[in-house]
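Residue numbers (this note's numbering): 1 to 470.
Using N, Cα and C, we set each Cβ at its ideal position, and we do this for glycine too.
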Ligand SMILES: Cc1ncc(COP(=O)(O)O)c(C=O)c1O
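This is the structure we're talking about:
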């Protein structure tokens, strides 16, 4: 096989690993495939894909890792999977589940019991942005809305702003890698609809100076959203355990909304998040009512139309089945692991620098000449899956429950040491992981990258290409 053909094989195997072992359906099968066969195929894929996560060598992504818990939530999901909670007369239980999810999250974050349940962090963030835009339009006549946020704020906000015609004004970071609040102040004008801070941010796991941002927001008469999608269901327990966590929730007066994902450290199934507001007026801005539709009086709280009762019921069940003591135990294990990793890098890997002062997510970059993506290549080869960052080039390890088993932190530090040695030995060679990042930063580079990135999205929505028969 030529080098080119081998590279093409590798690419195809990466995207469509099952193309040689399963039937690729390009049209609906003419008669039903047996349930047994379907189940066998799916179970095989699921088990195969769970292997790495279950080894506890993956950063973030999987937050709980307890298959008994997943099975229990799956049972609950089944009971309501087919229920459309839009039809509340048929499914009043949804009101109980949803209201109680909001109440419990609000209690955790010292809120006022005003919120909505969404499908995930992105929907919570985009919905918050929408509410601020509508609210600003209605109360202040804002027609050219902008939002001021750290460059590290989650990219879903950029996506939402793009969809809704909101200008994003990115504020730079301080040397400590949290947002520069003075720079934020300079970016605000009379069309600013809200300020944003993260607790904690995705890239470096750091908590922005929420109290300062909130004070600034109050002084300018605008609201402030805290993106607690990642940390919202973890930091309260970390604080209760006695770790030093700055105030970031509704105890801070200028904070007007918070997103907190139940499908991350809330240990619910994927597809749920909570968006809390300080007051009902702001929440009302996200409601949609249309009385003139021939289909009937239409009323909808957010983006989704039909929603499965399964996700709401199972999220409620996840919170109950974990309980305060369960969340505290998990947070304790997570913090012990993350603290050991942070300390280990600082003391034993001088080639690397830990970014800022982390809690549960540890980001690290080269302290000198080392190519951090070569480090990632070696970690990958050793079975560890980190998240690759850019600007600056770095990696992060978001510690979750599956990473907390005995000896995992030491195992990781050992792998990291070997990876740094590998990167030192292979200095100057092109890294495989994160290599695309090098392209960015120039107009041509970004254009090339964006074309490649949309090609990837196309591929993710297509079946494996038919291969010519030999
Ligand atoms: C800080 C933060 N905000 C928002 C999101 C987006 O959440 P989701 O992937 O559920 O849309 C993430 C995801 O990791 C995150 O870390």
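| said: Please tell me whether, using a cut-off of 7 Å, the distance from the CB of residue 472 to the nearest non-hydrogen atom of ligand 1 is below it. | reply: Outside the shown range of the chain, which is 1 to 470, sits residue 472, and nothing can be said about it.
Original post:
Which parts of the stretch 16-64 are runs of the alpha helix (DSSP H), unbroken and 4 residues or longer, counting only runs that do not cross its ends?
Top reply: 35-54
> At what residues does the beta strand (DSSP E) containing residue 115 begin and finish?
Replying inline: Here the beta strand (DSSP E) through residue 115 covers 114-118.
Check: For residue 153 versus residue 119, is the C-beta spacing smaller than 8 Å?
Finding: no
Shortest alpha-carbon distance to residue 376 belongs to which of 369, 346, 420? 420
| Backbone secondary structure at residue 166 - three-state DSSP | coil
Less than 8 Å separating the beta-carbons of residue 487 and residue 156?
-> The displayed coordinates of the chain run from 1 to 470. Any statement about residue 487 would go beyond what the structure contains.
Check whether residue 311 and residue 272 have beta carbons under 8 Å apart:
yes
Taking only the alpha-carbon atoms, compute the straight-line gap between residue 471 and residue 257 and give it to the nearest angstrom. The structure shown has nothing for residue 471, since the chain only spans 1 to 470.
inquiry  = DSSP has residue 479 in a bridge; who is on the other side?
reply    = Within the shown structure, residues of the chain are numbered from 1 to 470, placing residue 479 beyond reach of any answer.
* Looking at the structure shown, is residue 90 part of a helix, part of a strand, or coil, going by DSSP? -> coil
Is there contact here, the stretch 361-370 with the stretch 290-300, by at least three beta-carbon pairs under 8 Å? no
Flag this pair as yes or no: are the beta carbons of residue 195 and residue 149 separated by less than 8 Å? yes
Next item on the list: Would you kindly work out how many angstroms separate the C-alpha atoms of residue 52 and residue 43, rounded to a whole number?
Entry: 16 Å
Report yes if the CB atom of residue 330 is closer than 8 Å to the CB atom of residue 359, and no otherwise.
Not a contact, by the Cβ cut-off of 8 Å.
- Query: Quick one: what does DSSP say residue 149 is sitting in, helix, strand or coil?
  - Reply: DSSP, reduced to helix, strand and coil, places residue 149 within a strand of the structure shown.
- Over what stretch of residues does the alpha helix (DSSP H) that includes residue 420 continue unbroken? 408-425
Which residue from 211, 166, 175 puts its Cα closest to that of residue 191? 166
Option nearest residue 314 by Cα separation, candidates 68, 77, 387: 77
Indicate the three-state DSSP secondary structure (helix, strand or coil) for residue 105 in the structure shown. helix
What are the partner residues of residue 366, as DSSP defines its beta bridges? 352
inquiry  = Would residue 83 and residue 91 be called neighbours here (beta carbons separated by less than 8 Å)?
reply    = yes
Less than 7 Å separating the Cβ of residue 202 from some heavy atom of ligand 1? yes
Notebook entry, point to check: Can you tell me whether residue 224 is buried or exposed, with buried defined as 16 or more other CB within 10 angstroms of its CB?
Noted result: buried
Identity of the residue in 31, 57, 38 nearest residue 414 by Cα
57
- prompt: By DSSP, does residue 13 sit in helix, in strand, or in coil?
  reply: It is helical.
Ends of the beta strand (DSSP E) at residue 84?
Per DSSP, residue 84 belongs to no beta strand (DSSP E) and is neither H nor E.
Mapping DSSP to helix, strand and coil, what is residue 269?
-> coil
- Task: Output yes or no for whether 8 Å exceeds the beta carbon distance between residue 200 and residue 231.
- Result: yes
Q: Give the DSSP bridge partners of residue 396, in chain order.
A: 363, 387
Checking the sheet assignment: what are the DSSP bridge partners for residue 197? 226
For this session: Taking 8 Å as the cut-off, decide whether the C-beta atoms of residue 374 and residue 386 are in contact.
Result: No Cβ-Cβ contact shorter than 8 Å links residue 374 with residue 386.
Query - Beta-carbon gap between residue 124 and residue 275 smaller than 8 Å - result: yes
Short of 6 Å in beta carbon distance, which residues of its chain neighbour residue 4, apart from the five on each side in sequence? Order them along the chain. none
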